[in-house]
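With the sequence shown counted from 1, adding 460 to any position gets you our numbering.
Where is the CB? At the ideal position from N, CA and C, for every residue including glycine.
Remember, predicted model here, so these are calculated numbers, not experimental data.
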Amino acid sequence: MTDSPLITATVSFVKQQLQNAEGGHDWFHIERVYHNAMRIASGEKADITVVRLGALLHDIADSKFHGGDETVGSSIARDFLRRQDVEQHIVEHVINMIKHISFKNSFEAKEFSSIELDIVQDADRLDAIGAIGIARTFNYGGFKNRELYNPDIPPVHHTSGESYKNNTGPTINHFYEKLLLLKDSMNTETGKKMALERHRFMENFLQQFFAEWKGER
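Printed below as a string of structure tokens:
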């Protein structure tokens, strides 16, 4: 991962920034997304420097942990990249990736696109599904003190980013409101293939969960 002074500096910066982060959005999340992105990028014609920086900085300051302020992450990343004397067009590309990578942005008209964003977005979404995705979902639900499941509170079909962002339903609902939808939202062929097994794992988990909840197993 640390094959250039810029990437080495970025890794150190991200580790420092996220040293006290919630377990599902910490350095290890970034590292997993980075590895996913490198795997996906190997089959695409993309600017690898932009992919690396985008993967490393995409969650530098998630708005969920900054009072909903969606400008913090891009501001921190911009300041860091400028201190590293990164070319302006690369800085702007990475900032646009940070601004548009989130699932909640999928409810709005697409304002920016690039193969590099497609790659990092797929890599990030892969870390939201499968075994890791399940672990992260319940970790965050515990962090927010949410119910595991409540049969009286059905999942919400979100039609806007604001609705999705403000939802406080039980953790199980998140599978139906986001995680099970990600397989069909992947951008790249590699991302689509990688998502299949993780999607099936979640389906099997939910089947087992509800069977145990009802006392059937």
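Rounded distance between the beta-carbons of residue j and residue i, thought under 8 Å
i	j	result
A537	A515	Between A515 and A537 the Cβ distance is about 12 Å, and since that is not below 8 Å, they are no contact.
I490	A501	The Cβ separation is near 16 Å, so there is no contact.
T631	D578	That belief does not hold up - the Cβ atoms of T631 and D578 are roughly 29 Å apart, past 8 Å.
F540	F473	6 Å
G764	M662	Only positions 461 to 677 of the chain appear in this structure, which leaves residue 764 out of reach.
D582	G651	3 Å
I561	R492	Actually they do not touch by this definition, with Cβ atoms about 15 Å apart.
Residue i Cβ short of 8 Å to the ligand SAM heavy atom set
i	result
H553	Because no ligand of any kind appears in the structure shown, any question about the ligand SAM cannot be addressed here.
Where residue i sits in the DSSP three-state scheme
i	result
M654	helix
D463	coil
M646	coil
N664	helix
Q477	helix
E676	coil
L640	helix
Continuous alpha helix (DSSP H) assignments of at least 4 residues falling wholly in the segment 569-627:
575-586, 590-603, 621-626, all fully within the segment 569-627.
Start-end ranges of the alpha helix (DSSP H) lying completely within the segment 482-570, minimum 4 residues:
You should have 487-501, 508-517, 532-543, 548-560.
With three or more beta-carbon pairs closer than 8 Å as the criterion, would you say the segment 503-515 touches the segment 595-605?
Touching, no, given that fewer than three Cβ pairs across the two stretches are closer than 8 Å.
Inter-stretch contact (C-beta, 8 Å, three-pair minimum) for the segment 606-618 and the segment 640-651:
The segment 606-618 makes no contact with the segment 640-651; the number of CB pairs closer than 8 Å stays below 3.
Counting beta carbon pairs with one atom in the segment 569-578 and one in the segment 467-484, are three or more of them shorter than 8 Å?
Touching, no.
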